[in-house]
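Report on one structure; see the data block that follows.
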Amino acid sequence: MSDIVSRQKRSEMMSGIKGKNTKPEMLVRKALHRKGFRFRLHRRDLPGKPDIVLGKYRTVVFVNGCFWHGHDCHLFKWPKSNPDFWVKKINDTVARDRSCRDSLEKAGWNVITVWECSLRNLPNDDINDALDALSVEIRKNIDT
Numbered sequence: 552m553s554d555i556v557s558r559q560k561r562s563e564m565m566s567g568i569k570g571k572n573t574k575p576e577m578l579v580r581k582a583l584h585r586k587g588f589r590f591r592l593h594r595r596d597l598p599g600k601p602d603i604v605l606g607k608y609r610t611v612v613f614v615n616g617c618f619w620h621g622h623d624c625h626l627f628k629w630p631k632s633n634p635d636f637w638v639k640k641i642n643d644t645v646a647r648d649r650s651c652r653d654s655l656e657k658a659g660w661n662v663i664t665v666w667e668c669s670l671r672n673l674p675n676d677d678i679n680d681a682l683d684a685l686s687v688e689i690r691k692n693i694d695t
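Be aware that the sequence shown starts at 552, since it is given in my numbering, and climbs by one per residue.
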């Protein structure tokens with residue numbers, strides 16, 4: 552089946568997708584801030600430019616979109632158009648994610664990945680439970 556929009560329109564649509572300050576990222580950031588965490592954003596000096604860096608806890612948080620990072624969930628489906636391009640692009644992203652995670656862990660950072668599917672279309676109570684679990688995971692890494 553071919554795409555329902557022209558190549559030019561699809562290109563415009565895809566170029567408009569943000570990599571920073573996405574809805575899931577903003578949800579996580581607001582929740583962490585409400586719980587008293589202070590953090591830096593997108594630090595370029597760390598591998599992968601983590602979305603959230605909690606220096607006090609030696610923890611970084613990546614908030615990943617399921618499609619762009621090839622997550623095995625209901626939100627990820629391989630595109631039917633231009634499959635060679637997408638397979639390479641997504642597999643390269645997965646490999647880069649793995650490499651960045653390994654580099655950060657070797658440098659002593661705790662790496663947490665929050666997936667878009669864990670926050671999308673959930674009731675507020677379930678989202679709050681997921682974010683409570685995230686804050687517990689972060690607090691485990693405080694230097695005492």
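Note that the Cβ used here is the ideal one computed from N, Cα and C, for glycine as well.
C-beta contact flag for residue i and residue j at 7 Å
i    : j    : result
S669 : K586 : no
S613 : T664 : The question names Ser, but residue 613 is Phe in the sequence shown. Yes.
R595 : V604 : no
L655 : P575 : no
Reference residue i; option with closest CA among the options
i    : options                : result
I555 : P630, W660, F636, N679 : P630
R671 : E563, R558, A658, V579 : V579
V638 : G606, H620, V611       : H620
M577 : A684, I678, D643       : I678
A681 : N572, D648, A582       : A582
I641 : C617, D653, A658       : C617
A658 : D635, W666, V611       : V611
R649 : H622, D683, R558, K691 : H622
Element boundaries [alpha helix (DSSP H), containing residue i]
i    : result
T644 : 634-657
V579 : 574-585
Supposed close pair residue i, residue j - CB separation, criterion 8 Å
i    : j    : result
R719 : N661 : Within the shown structure, residues of the chain are numbered from 552 to 695, placing residue 719 beyond reach of any answer.
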